[in-house]
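Below you'll find the structure, written out as C-alpha cells, and then a few comments.
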Amino acid sequence: MHTEQPIDLVTKASLLHDYWSPRVLAEVNDYQVKIARMKGEFVWHRHEHTDELFLLLEGQLDMEIRDEAGDITTTTLWPGQLFVVGKNIEHRPVVPTEAVAIIIEPRGVVNTGDADSDLRAKNDVWL
Numbered sequence: 055m056h057t058e059q060p061i062d063l064v065t066k067a068s069l070l071h072d073y074w075s076p077r078v079l080a081e082v083n084d085y086q087v088k089i090a091r092m093k094g095e096f097v098w099h100r101h102e103h104t105d106e107l108f109l110l111l112e113g114q115l116d117m118e119i120r121d122e123a124g125d126i127t128t129t130t131l132w133p134g135q136l137f138v139v140g141k142n143i144e145h146r147p148v149v150p151t152e153a154v155a156i157i158i159e160p161r162g163v164v165n166t167g168d169a170d171s172d173l174r175a176k177n178d179v180w181l
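To convert, count from 1 in the sequence shown and add 54; that's our numbering.
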C-alpha cells in the first residue's frame, strides 16, 4: 500500500496493546514496515531466507544471537538505534520492561520464523 501522507509513529505505537503482534504500517516494494510492542522473552528462531531489521523507538531491547556452538551474544539497543539480524541467524529479542520497534522485512515473513510457538502472530495485519 502506498501512502501519500506521513505516518505518525508515536500515534501508531499508542494503538498497540498486544505484545509480539507486529502490525504493518507501509510497504516499500516487496518489504513491509511493521511496528510492534514487545515485553519479556521471545522464542528462539531464525529466518532461513531473509535478514530482519529492528529500529527501536521506545524502551530497551536485548537482541540475543546464538551461534552454532550454542554460545550467546547479547546486543542492547536503545531508542534511535537499529540492528540487522542476518538471514539464517538464530536469535531472540528480550525486552526487560516494554519496548516499541519498527521491523522491516519482506512481505510474508512469519514473526516466529522456523519456530512453532504460541507467540506466532497473524501475518499481514495493517494498523
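A virtual CB, placed ideally from N, CA and C, is assigned to each residue, including glycine.
Decide if residue i is buried, meaning its Cβ has at least 16 other Cβ atoms within 10 Å, or exposed.
i      : result
Lys176 : exposed
Glu159 : buried
Leu69  : exposed
Thr129 : exposed
Gly124 : exposed
Gly162 : exposed
Glu152 : exposed
Glu106 : buried
Ile126 : exposed
Is the beta carbon of residue i sitting closer than 8 Å to the one on residue j?
i      : j      : result
Leu79  : Leu111 : no
Pro147 : Leu181 : no
Trp74  : Ala169 : no
Thr104 : Lys141 : yes
Arg120 : Glu144 : yes
Phe96  : Leu173 : yes
Assign residue i to one of three DSSP states: helix, strand, or coil.
i      : result
Lys93  : strand
Lys66  : helix
Gln135 : coil
Trp74  : coil
Gln59  : coil
Ala18  : Residue 18 lies beyond the stretch modelled for the chain, which goes from 55 to 181, so this question has no answer here.
Val163 : coil
Lys88  : strand
Would you kindly report the start and end of the unbroken beta strand (DSSP E) that includes residue i?
i      : result
Pro160 : 144-160
Glu102 : First-last for Glu102: undefined, no H or E at that position.
Leu181 : Premise fails: Leu181 is in no beta strand (DSSP E) and is neither H nor E.
Arg120 : 115-120
Leu173 : Looking at the DSSP string, Leu173 is not in any beta strand (DSSP E), and its letter there is neither H nor E.
What distance in whole Å lies between the Cβ atoms of residue j and residue i, which are believed to be in contact at a cut-off of 8 Å?
i      : j      : result
Pro76  : Ile89  : 7 Å
Ala67  : Val154 : 5 Å
Val149 : Gly94  : 6 Å
Compute every distance between the C-beta of residue i and the non-hydrogen atoms of the ligand NAD, then say whether any falls below 7 Å.
i      : result
Lys141 : Looking for the ligand NAD in the displayed structure turns up nothing, as the structure carries no ligands at all.
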